[in-house]
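Here the numbering used here is used: the first residue of the sequence shown is 1, the next is one more, and so on. Note that CB positions come from ideal geometry on N, CA and C, so glycine has one too. Inspection log for the structure reproduced underneath, given as structure tokens.
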Amino acid sequence: GPARVWLDAGMTLPGLAMARSIGDHLVKKVGVIAEPEVKHEVCHMDDGKHRYIVIASDGVWEFVASHQAMMLIAKFIHSTSGATDAVTKLIQTSAAKWRQEEGDYRDDITAICVSLHELIKSPEWISQKP
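Okay, structure coming up:
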């Protein structure tokens, strides 16, 4: 199985299969990286295209490729519930693929979709412009 991080030397507590846990400085001494990787990208929002950020756990990415996720998001993002409906479809798709591949077992599935187009239209965003 995957490498696990244990808090106790005797490995009596459940181990966590991971190498990074943002902000979790307690487990830094056993090899977990608590600092996030930060990458800045310039995103031009004036070309009329909608932009989205999808943040998801490895349970989503195990059987759903990033381009498949974005196709799902693009298909459902303009429904009544917007990003909520789109990310729900992504989670449902991921869960179905886990069921197909692994039966009753599946990893945790978590996903967030942020519509940058909607974000920049919000009064809070507008009030923060220089």
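Quick check on DSSP: helix, strand or coil for residue i?
| i | result |
| --- | --- |
| S81 | coil |
| I33 | strand |
| S122 | coil |
| V114 | strand |
| L13 | coil |
| V42 | coil |
Just the C-alpha distance for residue i and residue j, rounded to the nearest angstrom, thanks.
| i | j | result |
| --- | --- | --- |
| I112 | V87 | 6 Å |
| D104 | A95 | 10 Å |
| A83 | H40 | 23 Å |
| D107 | P123 | 38 Å |
| H67 | W6 | 34 Å |
| D46 | K121 | 12 Å |
| A16 | R4 | Per the sequence shown, residue 16 should be read as Leu rather than Ala. One C-alpha to the other measures close to 5 Å. |
| W98 | F63 | 7 Å |
In terms of residues, what are the limits of the beta strand (DSSP E) holding residue i?
| i | result |
| --- | --- |
| A56 | Y52 to A56 |
What span of residues does the alpha helix (DSSP H) with residue i cover, start to end?
| i | result |
| --- | --- |
| M71 | S66 to F76 |
Which same chain residues end up closer than 6 Å to residue i when comparing Cβ atoms and leaving out the 5 residues on each side of it in sequence?
| i | result |
| --- | --- |
| A69 | V54 and L90 |
| M11 | none |
| S57 | D108 and T110 |
Would a check of beta-carbon distances place residue i closer than 9 Å to chain B?
| i | result |
| --- | --- |
| S122 | In the structure shown, chain B cannot be found, because there is only a single protein chain. |
Whose C-beta lies closer than 8 Å to the C-beta of residue i among residues of the same chain, with five residues either side of it excluded?
| i | result |
| --- | --- |
| D24 | V32 and A34 |
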